[in-house]
Amino acid sequence: DVSHMGEIEVTGAAAEEFLNHVLVNDVSRAGIGGATYSPMCLQDGGVLDDLIAYQLDKEEFLLCVNAANLVSDLSWLKDVSSDFECEVRDLSDQYGLLAVQGPRAELVLQKISEFDLTAIGRFRFVCETVGGVSVICSRTGYTGENGFELYCPLSETLGLAEAIMRFGESEGICLVGLGARDSLRLEAGYPLYGHEISQEISPLQAGLAWTVKWTKNDFLGKDALLREKEEGVKRKIIHFTLDDRRIAR
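Count along the sequence shown from 1, then add 96; that gives the number in this note's numbering.
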């Protein structure tokens, strides 16, 4: 249950233009039904947050942001959006969010889904029905495994969770907390805000240079990141593996 995550709606004629201004990645590449992972940088290249932007329609996007950064993200986005023809709204209180992750995630969810889950590609989503509940079903697999994320009406979250557990029991499904999320994302080399990325750590330092689309006309932090790239990144994240079950300290 990751319902603590924040959901922010961005709508309007300039919604895409606005998001391409505040995010280092290019949301126009995904199109309707696509999801884009991106850091959101300040002018100095530091990361205000990292998020996933879902394009629901031509002029409608849903951002999933880190819970601890929701207030600062919302304030920042509203301030910057004043120069664009779009509206920013906090919808966090309306959404529940359940993540079904692991090798058998597709097998379990297919039992209660009225559509073909195999048709959802990586970083794609559909608006469909799962367990009798209308959901946004995405496939970002933020644990590094095969996985689905179900955005649903807050009031339907418990019933949907119980249905997933009931139909997944024969496949060995179990409830896990954020400690599992933390260890799994670390194994996959995925960043967690406040650790591998922060206002003091740029995307280039965090190994996220692939998210920075330099060909975009302009975006917040571009000049600082270009300067860092040209001068040479002074520090970088290094991933390593252990040869047994010890904890690296």
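By construction, the Cβ of each residue, glycine as well, lies at the ideal position given by its N, Cα and C atoms. Computed from a predicted model, the values in this text were never measured in an experiment.
- In terms of Cα proximity to GLU265, the closest of TYR191, HIS291, VAL196 and LEU166 is VAL196.
- Following the DSSP letters along the chain, one finds ARG185 inside the beta strand (DSSP E) bounded by residues 183-186.
- For THR225, the uninterrupted beta strand (DSSP E) run begins and ends at 221-226, by DSSP.
- When DSSP reads this structure, PRO249 sits in a beta bridge with TYR191.
- Note: PHE315 is not bridge-paired with any residue in the DSSP secondary-structure output.
- For GLY275, the enclosing alpha helix (DSSP H) stretches over residues 274-284.
- With contacts defined as CB atoms closer than 8 Å, GLU241 and GLY273 fail to qualify as a contacting pair.
- Here GLU224 has SER209, GLU210, PHE211, SER230, VAL231 and CYS233 as same chain residues with Cβ atoms under 8 Å from its own Cβ, once five neighbours each way along the sequence are excluded.
- Per DSSP, the continuous beta strand (DSSP E) segment holding GLN151 begins and ends at 143-153.
- Secondary structure of ALA131 (DSSP, three-state): strand.
- Leaving aside the five residues that flank LYS312 on each side, the residues in its chain whose CB is nearer than 7 Å to its CB run, in chain order, ASN116 and ASP122.
- Under the three-state reduction of DSSP, SER266 is assigned to helix.
- GLU181 and PHE114 have their alpha carbons spaced roughly 8 Å apart.
- Exclusion of the five residues before and after VAL118 leaves MET136, VAL176 and LEU316 as the residues of its chain whose Cβ lies within less than 6 Å of its Cβ.
- Spatial neighbours of GLY129 in its own chain (CB-CB distance under 8 Å, excluding positions within 5 residues in sequence) are listed in chain order as GLN151, ARG220, PHE221 and VAL222.
- When DSSP states are grouped into helix, strand and coil, ILE260 belongs to the helix group.
- Secondary structure at PHE180: coil, using DSSP grouped into helix, strand and coil.
- Under the three-state reduction of DSSP, THR214 is assigned to helix.
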